Amino acid sequence: MTEEDDVLTDLRRRGVLNGIAWAHRSAYGQLREDYNPAGGHKQSWIGFNAHVYLIDRLDRVFQCGDFAVPPGQDSVGRDVLADGIADRDSRTMPLLPAGTVVRRDLNGSPGWSVAGWRWLLASYEFGQVAKIAWTERSETKQLVAKQPHAEEDGGLFPLSSLPGLPPLGELPDEQRELRRTLVLAHAMDPTTAEVELSFGRIRWNPDHGDAWVWRTGLAAGSGPDGGITTSQRSTSPAEPSGDAVADADVRIRRPARDHDGPHAIGEA
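Position in the sequence shown counted from 1, then plus 46, gives you the working numbering.
Encoded structure:
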């Protein structure tokens with residue numbers, strides 16, 4: 047099993063991919079409502095506000111950050127998680143047990159962690175995901191891109207080319223999680239409002255080659271009321287079963303690596 051298969055299988059089983067899909071749909075639904083190109087909103091506005099909304103929605107669905115469970119409680123109240131978001135989003139929010147995902151920031155860059163894997167956020171110009179220049183990004187993204195990886199065809203720094211590298215199990219927790227840090231990259235076309243969402247391991251690319259060791263496109267299907275549906279369900283034991291709603295129907299695409307382009311805005 048490849049690293050990609052291992053990660054996606056584990057995150058799907060835990061309901062985390064459903065949570066990510068819901069957070070993305072809700073965040074970009076809000077972004078489209080607020081977006082006003084005639085009023086002066088540009089690509090930088092999209093990148094910054096998508097970043098802010100995604101942090102909020104990821105924290106909500108995983109009950110962490112500003113929505114962390116108070117001491118002595120099993121979960122955050124549904125009314126708290128639903129406050130300030132669209133009714134359809136509150137009705138379709140997956141119910142995951144608190145603690146499934148925890149916040150694990152890196153150098154001030156918002157991050158989320160589950161089962162030893164962490165992901166950070168990155169925005170970019172729509173259609174250009176394969177050529178994000180990590181060499182021009184923050185020091186944090188550069189650090190992540192330079193981590194050794196298990197994929198032999200993933201370009202620079204495969205484990206087999208680094209003799210003497212300590213095994214993952216021998217590393218301190220902080221270094222182990224750094225080596226297992228992924229990126230959730232998002233974009234919206236400013237003209238059509240079409241969106242993209244990719245998840246995977248980024249590649250240090252001073253050669254101007256592919257920006258990813260591996261990546262998977264994530265998309266959510268629309269339910270009859272604009273919500274999202276799935277065959278997977280994850281309910282919190284603290285919530286009554288009558289309040290349970292369908293999770294996100296996550297479709298996974300192995301995208302062709304032929305997009306062109308650079309850069310992102312609004313991230314650490």
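Ideal Cβ positions, reconstructed from N, Cα and C, are used throughout, including at glycine.
Here the structure is a predicted model, which means the values were calculated and not measured.
Any non-hydrogen atom of the ligand ATP closer than 8 angstroms to residue i Cβ
i, result
"P156", "This structure simply doesn't include the ligand ATP, nor any ligand for that matter."
Own chain, CB closer than 6 angstroms to residue i, minus 5 neighbours either side, in chain order
i, result
"A233", "Y170, F172, E242"
"Y74", "V241"
"G111", "D105, R149"
"T237", "none"
"A161", "D56"
Beta-bridge pairing of residue i - partner residues as DSSP gives them
i, result
"A233", "E242"
"V62", "Paired residues: none, contrary to the question."
"S155", "L152"
"W260", "R247"
"P252", "In the DSSP output, where bridge partners are listed per residue, P252 has none listed."
"P204", "H195"
"A168", "A231"
Proximity to residue i [Cα-Cα], best of the options
i, options, result
"D256", "G200, D51, L230, L224", "G200"
"R103", "P116, A132, P117, K88", "A132"
"P204", "A84, V259, D80, P116", "V259"
"W165", "T146, A231, G123", "A231"
"A168", "Q119, T227, E50", "T227"
"T138", "S72, E220, R225", "S72"
"E49", "H254, D253, W163", "W163"
"H70", "Q89, R183, Y99", "Y99"
"Q89", "D235, D125, T262, D219", "D235"
"E182", "T146, A114, D253, D125", "D253"
"D219", "S159, R261, V115, F113", "S159"
"E79", "A239, T262, R261", "A239"
"Q119", "D135, S136, P143", "P143"
Own chain residues within Cβ distance below 7 angstroms of residue i, not counting five before or after
i, result
"W180", "K187, Q188, A191, I248, W250, N251, A257"
"G307", "Because G307 sits at a pLDDT of 34, beneath the cut-off of 50, its placement in the model cannot be relied upon, and the point is left open."
"P83", "P236"
Same chain only: Cβ atoms within 8 angstroms of residue i, ignoring 5 sequence neighbours per side
i, result
"D151", "G157"
Q | 4-residue-minimum alpha helix (DSSP H) runs that sit fully inside the segment 85-148, ordered along the chain | A | Segments of the alpha helix (DSSP H) lying fully in the segment 85-148: 89-108, 124-128, 133-138.
Q.
For the segment 51-65 against the segment 86-99, do three or more pairs of beta-carbon atoms, one drawn from each stretch, fall closer than 8 angstroms, so that the two count as touching?
A. The segment 51-65 is not in contact with the segment 86-99.
Q | Given 8 angstroms, three or more beta-carbon pairs between the segment 62-73 and the segment 102-122 | A | The way I'd put it, the segment 62-73 does touch the segment 102-122; three or more beta-carbon pairs between them come closer than 8 angstroms.
Q) Is the segment 181-195 touching the segment 244-255 in the sense that three or more CB pairs, one from each, lie closer than 8 angstroms? A) Verdict: yes, contact present.
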